[in-house]
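Notes to accompany the following structure.
Residue numbers (our numbering): 3 to 231.
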């Protein structure tokens, strides 16, 4: 989970207009305009787990609406989630961090420990004691490990996607460290994309760089704003 700007795009404006019309008759928020805008805003990835290899997308309410039409149709309350994360979150972890308003990576450290042949462990370490930070950490742990037999199977698939992405990213970083001149510039461009908002599992990739900032401090410019460097 990373901070995602809720950009005011043409698709977003169409979604807002469609929601206003839908609210008048309580016709439902799951309309083409909203789905298209959310996919654009969240770069086609689930806002919670950041997986892009998703077969089932859902519109998720950050704050459960519980029949409240203002929350049900509020554009700022609608997020793009995969079915696994949406059905894990439900209303069990309220409140959680709003990734369109908060720099989640500054509140939670995303770390993957262990290697092939050893016990791997994903850690979501709260960096402050706010209720929404602690709840978000709990939610992420349940998303990646599951709490029911079905959710545990889904979590295994999610961790496989993460493992593949992190493995590839580490290899790119190694190649970058050893490269020179033009090849290094090409790899820098690749790493900029890997650390960007649209990249799957960007929070884990960015924390790998943060945890090795002495060696790769120059790469932080690709995900840290000037105010937070």
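In this text, a Cβ means the ideal position worked out from N, Cα and C, and glycines have one as well.
DSSP state of residue 83 mapped onto helix, strand, coil: For this step, residue 83 is matched to residue 81 along the chain shown. DSSP places residue 83 in strand when its eight states are reduced to three.
Over what stretch of residues does the beta strand (DSSP E) that includes residue 189 continue unbroken? Indexing the chain shown from 1 puts residue 189 at position 187. It is not in any beta strand (DSSP E) - residue 189 instead sits in the alpha helix (DSSP H) that spans 183-196.
Going by DSSP in three states, residue 61 sits in which element: helix, strand or coil? For the purposes of this step, residue 61 is identified with residue 59 of the chain shown, where counting begins at 1. Three-state DSSP puts residue 61 in a strand.
When DSSP labels each residue in this structure, what does residue 202 get in the three-state scheme? Within the chain shown, numbered from 1, the residue matching residue 202 stands at position 200. Coil.
What would DSSP say about residue 103, mapped onto helix, strand or coil? The count along the chain shown starts at 1 and reaches residue 103 at position 101. For residue 103, the secondary structure class from DSSP, reduced to helix, strand or coil, is coil.
Option in 165, 141, 63 with minimal Cα separation from residue 116: To locate residue 116, count along the chain shown from 1; it is residue 114. For the residues 165, 141, 63, the minimum Cα distance to residue 116 belongs to 165.
For a quick check, are the C-beta atoms of residue 82 and residue 40 less than 8 Å apart? Position 80 of the chain shown, counted from the first residue, corresponds to residue 82. Position 38 of the chain shown, counted from the first residue, corresponds to residue 40. Yes, they are a contact pair.
If you reduce the DSSP assignment to three classes, tell me which class residue 50 lands in. Along the chain shown, one-based indexing puts residue 50 at 48. In the three-state reduction of the DSSP assignment, residue 50 falls in the coil class.
To the nearest angstrom, how far is it from the Cα of residue 144 to the Cα of residue 130? Here residue 144 refers to the residue found at position 142 of the chain shown. Here residue 130 refers to the residue found at position 128 of the chain shown. Across the structure, residue 144 and residue 130 are spaced so that their CA atoms are roughly 20 Å apart.
When the distance is taken between beta carbons, is residue 58 closer than 8 Å to residue 84? Position 82 of the chain shown, counting from 1, holds the residue named residue 84. Position 56 of the chain shown, counting from 1, holds the residue named residue 58. Yes, these two residues count as a Cβ contact at 8 Å.
Going by Cα to Cα distance, which pick from 154, 69, 110, 151 is closest to residue 212? Counting from one through the chain shown, the residue named residue 212 turns up at place 210. Of 154, 69, 110, 151, the residue nearest in Cα terms is 110.
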